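Taken in order, the sequence shown gives residues 175 to 288; the numbers are from this note's numbering.
Heads up, the beta-carbon is just placed ideally off N, CA and C, and yes, glycines get one too.
None of these values were measured; they are calculated from a predicted model.
Working notes for the structure below.
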Amino acid sequence: DDYIKLFNREKSADESVVKVMATGFGGEDKLATALENARLHPVMNAKAKKLQDAQFAQWLDEGYGSLSVLTTVFKVEGANLAGASRSQKSIVKQFKAYYEREMRVPNVVEPRRS
Numbered sequence: 175d176d177y178i179k180l181f182n183r184e185k186s187a188d189e190s191v192v193k194v195m196a197t198g199f200g201g202e203d204k205l206a207t208a209l210e211n212a213r214l215h216p217v218m219n220a221k222a223k224k225l226q227d228a229q230f231a232q233w234l235d236e237g238y239g240s241l242s243v244l245t246t247v248f249k250v251e252g253a254n255l256a257g258a259s260r261s262q263k264s265i266v267k268q269f270k271a272y273y274e275r276e277m278r279v280p281n282v283v284e285p286r287r288s
């Protein structure tokens, strides 16, 4: 019980930091891109990953899925999803993995027997 309270408090604090940072960077999309770029640098990778996970948790709390991250956060038109940048696609791919992990989506495929 105490662990859950501590976890929720830390998660909430990280998400609050992400909201402030998103404002400072000029939007969630710009922060997401900056965190993605920061993860490419070994010195910054661990902290950037933690902040990226906090941003992903915020998106999950807001009910976003992979498609809504593209259309709502990155403002990619639904009719032009292929027009998303490589960076945007990478972020969405990582969010999808985070989403599946958090929602405990099974990724095991069992072959059918005929």
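- The distance from the Cβ of Leu-209 to that of Gln-232 is about 12 Å, inconsistent with a contact at the 8 Å cut-off.
- Look at the beta carbons and you see the stretch 188-197 not touching the stretch 244-251: under three pairs across the two are nearer than 8 Å.
- In the displayed model, Tyr-238 falls within coil according to three-state DSSP, outside both helix and strand.
- Thr-207 is the residue among Thr-207, Ala-212, Val-194 whose C-alpha sits nearest the C-alpha of Lys-263.
- Here Glu-202 is buried, its C-beta having at least 16 other C-beta atoms within 10 Å.
- Between the C-alpha atoms of Leu-241 and Asp-235 there is a straight-line separation of about 15 Å.
- For Ala-253, the number of other beta carbons within 10 angstroms of its own is below 16, and it is reported as exposed.
- Counting along the chain, no alpha helix (DSSP H) covers Ala-253, and no H or E run does either.
- When the five nearest sequence neighbours on each side are left out, the beta carbons in the same chain lying within less than 6 Å of the beta carbon of Leu-205 are those of Met-195, Ala-196, Phe-199, in order along the chain.
- Residues of the same chain with a CB within less than 8 Å of the CB of Tyr-273, apart from the 5 flanking positions on each side, are Phe-230, Leu-234, Gly-239, Ser-240, Val-279 in chain order.
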